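Asks: What follows is a single structure, and I will ask about it in a moment.
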Amino acid sequence: MSEALHTLEGWYAYHDFRKIDWKKWKAASADERQAATDELLRFLQQCGANEEAKEGSTAIYTILGHKADVLFMYLRPTTQELEELKTAFNKTRFADFTTTDYSYVSVVELSNYVNSPGEDPKQNPHIRERLYPILPKWEHICFYPMNKKRDGNDNWYMLSTEQRRELMYSHGMIGRKYAGKVKQVITGSLGFDDWEWGVTLFANDPLQFKYIVYEMRFDEVSARYGEFGTFLFGNILTEDKLKNILSV
Ligand code: VOV
Numbered sequence: 223m224s225e226a227l228h229t230l231e232g233w234y235a236y237h238d239f240r241k242i243d244w245k246k247w248k249a250a251s252a253d254e255r256q257a258a259t260d261e262l263l264r265f266l267q268q269c270g271a272n273e274e275a276k277e278g279s280t281a282i283y284t285i286l287g288h289k290a291d292v293l294f295m296y297l298r299p300t301t302q303e304l305e306e307l308k309t310a311f312n313k314t315r316f317a318d319f320t321t322t323d324y325s326y327v328s329v330v331e332l333s334n335y336v337n338s339p340g341e342d343p344k345q346n347p348h349i350r351e352r353l354y355p356i357l358p359k360w361e362h363i364c365f366y367p368m369n370k371k372r373d374g375n376d377n378w379y380m381l382s383t384e385q386r387r388e389l390m391y392s393h394g395m396i397g398r399k400y401a402g403k404v405k406q407v408i409t410g411s412l413g414f415d416d417w418e419w420g421v422t423l424f425a426n427d428p429l430q431f432k433y434i435v436y437e438m439r440f441d442e443v444s445a446r447y448g449e450f451g452t453f454l455f456g457n458i459l460t461e462d463k464l465k466n467i468l469s470v
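Here it is in structure tokens:
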């Protein structure tokens with residue numbers, strides 16, 4: 223029988239992709255640039271303190287290619303906190319030098335194909351770690367949204383729970399080959415954004431993104447049912463690198 227699973231949700235996610243207005247930045251005085259940089263660093267320090275207190279997590283990456291310059295990825299317990307962050311960032315002087323062309327709203331999700339009967343999954347420390355993840359500070363990030371197809375005979379949502387479980391098992395087995403090389407954070411976005419899931423991958427070797435996405439294309443879950451949006455790739459942004467990038 224085809225029926226919805228009880229998904230497990232954790233922290234809410236906001237991927238804020240920003241472009242830097244370089245013309246405006248270069249035209250600003252050295253004092254203005256310094257003040258804007260200091261405000262940005264203070265904002266990021268607050269994000270760091272939030273992460274230390276395990277009340278959320280933040281990852282900052284520069285984005286390669288024309289689609290964006292910087293990604294601020296926030297995980298927080300409530301959507302209100304995400305909104306407060308968005309507003310706090312927009313109030314910084316640095317934000318005046320940026321524009322947002324793309325963002326993504328979702329919530330960390332486990333699809334619970336692998337639950338143990340009789341157990342409260344939210345009390346399981348391994349599951350809690352995945353629902354409330356501290357984002358790895360690995361060298362690279364890859365983000366893309368995706369759907370499961372509803373197209374004629376290729377309709378994921380018409381498959382029985384058993385069929386979907388089997389297919390997801392095979393997906394998970396491929397994923398497990400990348401243990402230690404790729405870390406995935408899957409966020410559900412039905413009702414929040416234009417696609418069904420956001421896929422955020424972290425790796426220290428950028429080629430691992432290419433390998434895993436390619437290998438998964440041959441797996442039925444992706445080959446038959448996967449539909450994919452725009453891919454964005456980036457490099458980690460440390461405080462020193464940030465100061466370096468912003469110095470003119
Ligand atoms: C990096 C490795 C990796 C590993 C180990 C892994 C494992 C697993 C498991 C065990 C499960 C099911 C239970 C749960 O944990 O939710 C999932 C779930 C999911 N995945 Fe995955 N996935 C990985 C990686 C991984 C990638 C690279 C992608 C993108 C696919 C591609 O073709 O580009 C992906 C997608 C998803 C999605 C959209 C879901 C939710 C599907 C749904 O219908 O609900 N995923 N995934």
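Residue numbers (the numbering used here): 223 to 470. Glycine included, each C-beta is placed from N, C-alpha and C at the ideal position. Owing to the predicted nature of the structure, the values given are computational and were not obtained by experimental measurement.
Looking at the unbroken beta strand (DSSP E) that takes in residue 237, where does it start and where does it end?
Replies: 230-242
Asks: Out of curiosity, what's the CA-to-CA distance linking residue 297 and residue 225?
Replies: One C-alpha to the other measures close to 29 Å.
Asks: Could you tell me whether the segment 228-248 touches the segment 298-314, using the rule of 3 or more Cβ pairs below 8 Å?
Replies: yes
Asks: From the DSSP output, in three-state form, read off residue 316 for me.
Replies: helix
Asks: Do you know how far the Cα of residue 256 is from the Cα of residue 368?
Replies: 39 Å
Asks: Where does residue 470 fall in DSSP's three states?
Replies: coil
Asks: Give the DSSP-derived three-state secondary structure of residue 465 in the structure shown.
Replies: helix
Asks: Ordered along the chain, which non-local residues of its own chain (more than five positions away) have a Cβ less than 8 Å from that of residue 412?
Replies: So the list reads 418, once near-sequence residues are dropped.
Asks: If we ignore side chains and look at the alpha-carbon of each, how far apart do residue 441 and residue 450 end up?
Replies: 15 Å
Asks: Answer yes or no: the CB of residue 398 versus the heavy atoms of the ligand VOV, is any distance below 7 Å?
Replies: yes
Asks: Sort 274, 384, 242, 272 by Cα distance to residue 259 and report the nearest one.
Replies: 242
Asks: Would you check if the segment 430-445 and the segment 388-408 touch, i.e. whether three or more CB-CB distances between them fall below 8 Å?
Replies: yes
Asks: Under 8 Å, with one C-beta from each stretch per pair, do the segment 453-467 and the segment 351-366 reach the 3-pair mark?
Replies: Contact between the segment 453-467 and the segment 351-366 is established, with three or more Cβ pairs separated by less than 8 Å.
Asks: Alpha helix (DSSP H) containing residue 348: first to last residue?
Replies: 347-353
Asks: Should residue 356 be listed as close to the ligand VOV, given that the test is whether its C-beta is under 7 Å from any heavy atom?
Replies: no
Asks: Can you give the Cα-Cα distance for residue 315 and residue 238, rounded to whole angstroms?
Replies: For residue 315 and residue 238, the distance between alpha carbons rounds to 17 Å.
Asks: Please report the distance separating the alpha-carbon of residue 285 from that of residue 240.
Replies: 9 Å
Asks: Report, in whole angstroms, the separation of the C-beta atoms of residue 405 and residue 424, which I expect to be a contact under 8 Å.
Replies: For a cut-off of 8 Å, the C-beta gap from residue 405 to residue 424 is around 4 Å, short enough to register as a contact.
Asks: From residue 278 to residue 431, what distance separates their C-alpha atoms?
Replies: 25 Å
Asks: Beta carbon of residue 370: closer than 7 Å to some heavy atom of the ligand VOV?
Replies: Yes, the ligand VOV has a heavy atom inside 7 Å of this Cβ.
Asks: Taking 7 Å as the cut-off, is the C-beta of residue 439 nearer than that to any heavy atom in the ligand VOV?
Replies: yes
Asks: Going by the CB atoms, is the gap between residue 355 and residue 330 shorter than 8 Å?
Replies: yes
Asks: Does the Cβ-Cβ distance between residue 352 and residue 332 come in under 8 Å?
Replies: Yes, these two residues count as a Cβ contact at 8 Å.
Asks: Just to confirm, are residue 378 and residue 447 a CB contact at a threshold of 8 Å?
Replies: Yes, the pair counts as a contact, with Cβ atoms nearer than the cut-off.
Asks: Based on Cα-Cα distance, which residue from 414, 374, 359, 305 lies nearest to residue 427?
Replies: 359
Asks: Does DSSP put residue 379 in a helix, a strand or coil?
Replies: helix
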